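Chemist: Heads up, this note's numbering is the position in the sequence shown plus 294, with the first residue counted as 1. Where a beta carbon is used, it is the ideal one built from N, C-alpha and C, also for glycine. Since the model is a prediction, treat every value here as computed from it, not as a measurement.
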Amino acid sequence: MQETLVVELPESFGNLSKLVTLKMLKKPLFRSCESDSTPSFVEVPSSFSNLLLLEELDARSWGISSKIPDVLEKLSHLKILKLGNNYFHSLPSSLEGLLNLRELSLYDCRELKSLPPVPCNLEQLNLANCFSLERISDLSKLKALHELNLTNCDKVDDIPGLEHLKALKRLYMSGCNSECSFKVKKRLSKASLKMMANLSLPGNRIPDWFSQGPLRYSTQPNRELRGVILAVVVALNHERKDDYQLPDVVEVQAKILKLDLALYTHTLHLSGVPRTSDDQLHICRYSAMHPMVTMFKDGYTIQVTKRDPPVKQGVELKMHGIHLVYEGDDDFKGEESESDFTETQFTVSQKLANFFSTFGEGEANTPTNGTYCCKLNKQHRYSYMPS
């Protein structure tokens with residue numbers, strides 16, 4: 295039924311009691327910010343409760359309005375639920391009872407005002423572009439959640455339970471408001487940042503202990519390279535229009551060079567396109583098995599650049615930094631305090647936590663003018679200072 299002309303399901307549809315996968319998504323999958331077209335609204339038939347073996351339901355852009363009925367509570371085998379770009383304003387409280395649910399996608403549900411408690415075994419939760427969303431229920435029980443997307447949820451002032459998400463690897467908050475961003479930065483702990491592979495949120499600076507690229511690698515005796523961390527500050531000029539409507543920013547790339555020859559090119563995963571022109575900070579962390587690490591050899595160089603030619607106009611790469619993680623740099627698991635450690639002795643993840651704790655309330659949404667001067671500090675690393 296994917297991309298068919300079917301616009302309504304009959305009550306008899308529930309007779310397909312052995313159905314396992316139902317994909318009935320429509321195009322467009324995303325609404326443009328300027329869209330003023332009137333959608334065709336549909337309702338979920340009550341007979342859906344008979345689809346007891348259903349494991350995947352994809353109803354993106356189906357035109358579901360008002361609210362999602364409680365028929366979902368009967369779908370106990372459901373693992374994947376995609377309801378993006380629909381028009382309902384609420385979700386049933388029975389959603390929490392879907393204990394097999396692993397992925398819940400609600401992106402572009404612009405009328406949704408609150409998120410009720412969700413199943414405790416959830417692994418992915420996408421709420422990007424839920425512009426009306428004001429309240430999120432406590433997430434502390436989601437011990438398996440590894441991806442949370444809150445891009446452009448600018449009415450949400452807090453994310454209860456965020457500090458308890460021990461499995462979280464990807465957190466996307468570009469375009470969120472300054473109050474929420476401030477609270478989240480204060481909760482980013484050493485343990486959570488060690489797990490984090492992708493982090494995006496409002497911010498106009500990067501850690502001063504990151505090196506300004508390009509960065510040339512020299513092998514260190516008895517110190518194996520374990521990881522690479524890239525930090526970039528990006529802003530979008532929404533006055534520059536083009537024909538592309540992408541869900542992510544795909545203009546920033548990292549290249550591994552041997553002399554002037556690019557051996558490997560990687561597009562940074564900057565998920566979510568903020569509605570504002572404010573600066574957004576993205577941190578991408580690559581582990582020992584990623585090509586950004588395995589292909590980085592003695593004498594090679596990492597360079598962060600904008601894609602040329604660009605896919606989307608108006609993307610400004612304001613600053614970037616690179617940090618190499620060696621064996622022993624991030625292995626200590628105990629508490630680290632300023633009374634017991636100097637700045638150079640802190641683990642990488644603790645230094646990141648210290649960096650985020652320095653952001654003041656409202657600072658994250660203060661755009662920079664795009665001009666920076668760099669100076670070499672005592673450790674021969676580059677520091678950024680707004681001019």
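Going along the chain, which unbroken runs of the beta strand (DSSP E) with 3 or more residues stay wholly within the stretch 469-536?
Modeler: At a cut-off of 3 residues, the continuous stretches assigned as beta strand (DSSP E) that sit fully inside the stretch 469-536 are 492-496, 519-530.
Chemist: Output the distance between the C-alpha atoms of K672 and E632, rounded to the nearest integer angstrom.
Modeler: For the purposes of this step, residue 672 is taken as the residue at position 378 of the sequence shown. For the purposes of this step, residue 632 is taken as the residue at position 338 of the sequence shown. Bear in mind that the predicted position of K672 carries a pLDDT of just 33, short of 50, making it too unreliable to give a figure here.
Chemist: Once you ignore the five residues that flank T561 on each side, which residues in its own chain have a CB closer than 6 angstroms to its CB?
Modeler: Locating residue 561 in the sequence shown gives position 267, counting from the first residue. If we look at T561 and ignore the five residues flanking it on each side, its Cβ neighbours are V544, Q547.
Chemist: Can the beta-carbon of Q574 be found closer than 8 angstroms to that of V528?
Modeler: What you label residue 574 is simply residue 280 of the sequence shown in a count that begins at 1. What you label residue 528 is simply residue 234 of the sequence shown in a count that begins at 1. In contact: Q574 and V528 (Cβ atoms closer than 8 angstroms).
Chemist: Compute the Euclidean distance between the alpha carbons of Y511 and K320, then round it to the nearest angstrom.
Modeler: As a working note, residue 511 is residue 217 in the sequence shown. As a working note, residue 320 is residue 26 in the sequence shown. Rounded to the nearest angstrom, the two C-alpha atoms are 48 angstroms apart.
Chemist: Residues bridged to F382 by DSSP?
Modeler: Counting from one through the sequence shown, the residue named residue 382 turns up at place 88. Bridge partners of F382: S360.
Chemist: Per DSSP, what are the beta-bridge partners of Y466 in this structure?
Modeler: Looking up residue 466 in the sequence shown gives position 172. Beta-bridge partners assigned by DSSP to Y466: N443, S494.
Chemist: How long is the line joining the alpha carbons of E350 and S370, rounded to whole angstroms?
Modeler: Taking the first residue of the sequence shown as 1, we reach residue 350 at position 56. Taking the first residue of the sequence shown as 1, we reach residue 370 at position 76. Each residue's alpha carbon lies about 11 angstroms from the other.
Chemist: Which value, in whole angstroms, describes the spacing of the CA atoms of V412 and T513?
Modeler: Walking along the sequence shown from the start, residue 412 turns up at place 118. Walking along the sequence shown from the start, residue 513 turns up at place 219. So the alpha carbons of these two residues sit roughly 47 angstroms apart.
Chemist: Taking the CB atoms as reference points, tell me whether S384 and S408 lie closer together than 8 angstroms.
Modeler: Stepping through the sequence shown from its first residue, residue 384 is reached at position 90. Stepping through the sequence shown from its first residue, residue 408 is reached at position 114. In this structure, S408 lies closer than 8 angstroms to S384 by Cβ.
Chemist: Within the chosen definition, does the stretch 463-475 reach the stretch 644-652 through at least 3 CB pairs nearer than 8 angstroms?
Modeler: no
Chemist: Please state the DSSP three-state secondary structure of S643.
Modeler: As a working note, residue 643 is residue 349 in the sequence shown. Note: S643 maps to helix in three-state DSSP.
Chemist: Note down, in chain order, each residue of its chain lying with its Cβ closer than 8 angstroms to the Cβ of L347, except the 5 sequence neighbours on either side.
Modeler: On the sequence shown, position 53 is the one that residue 347 refers to. Within the same chain, L347 has close Cβ partners S311, K312, L313, V314, H371.
Chemist: Could you give the distance in angstroms between the alpha-carbon of L618 and the alpha-carbon of I550?
Modeler: In the sequence shown, residue 618 corresponds to position 324, counting from 1. In the sequence shown, residue 550 corresponds to position 256, counting from 1. So the two alpha carbons sit approximately 14 angstroms from each other.
Chemist: For the putative contact between R579 and A485, defined by C-beta atoms under 8 angstroms, what is the C-beta separation to the nearest angstrom?
Modeler: Locating residue 579 in the sequence shown gives position 285, where the first residue counts as 1. Locating residue 485 in the sequence shown gives position 191, where the first residue counts as 1. Going by Cβ atoms, the distance from R579 to A485 rounds to 14 angstroms, so no, they are not a contact pair.
Chemist: Could you tell me the boundaries of the alpha helix (DSSP H) in which M586 lies?
Modeler: Numbered from 1 along the sequence shown, position 292 holds the residue referred to as residue 586. 585-588 is the span of the alpha helix (DSSP H), which, as asked, contains M586.
Chemist: To the nearest angstrom, report how far apart H458 and H440 are at their CA atoms.
Modeler: By 1-based counting over the sequence shown, the position of residue 458 is 164. By 1-based counting over the sequence shown, the position of residue 440 is 146. Distance between H458 and H440, taken at the CA atoms: about 12 angstroms.
Chemist: Can you look up E457 in the DSSP assignment and give me helix, strand or coil?
Modeler: Taking the sequence shown and counting its residues from 1, one reaches residue 457 at position 163. Looking at E457 - three-state DSSP - the assignment turns out to be helix.
Chemist: Can the beta-carbon of S468 be found closer than 8 angstroms to that of G378?
Modeler: Translated into positions along the sequence shown, residue 468 becomes position 174. Translated into positions along the sequence shown, residue 378 becomes position 84. No; because the gap between Cβ atoms is not below 8 angstroms, this pair is not in contact.
Chemist: If you count every other CB in all the chains shown that lies within 10 Å of the CB of I479, and 16 or more means buried, which is it?
Modeler: In the sequence shown, the residue the question calls residue 479 occupies position 185. The displayed chain sequence assigns Lys, not Ile, to residue 479. Label assigned to K479: buried.
Chemist: Identify whether G615 lies in helix, strand or coil by the three-state DSSP scheme.
Modeler: Within the sequence shown, the letter at position 321 stands for residue 615. Strand.
Chemist: For K449, which residues from the same chain have a beta carbon less than 8 angstroms from its beta carbon, with the 5 sequence-adjacent residues on both sides left out?
Modeler: Residue mapping note: residue 449 aligns to position 155 of the sequence shown, counting from 1. Excluding sequence neighbours, K449 sits near F425, S426, L427, E428, N471.
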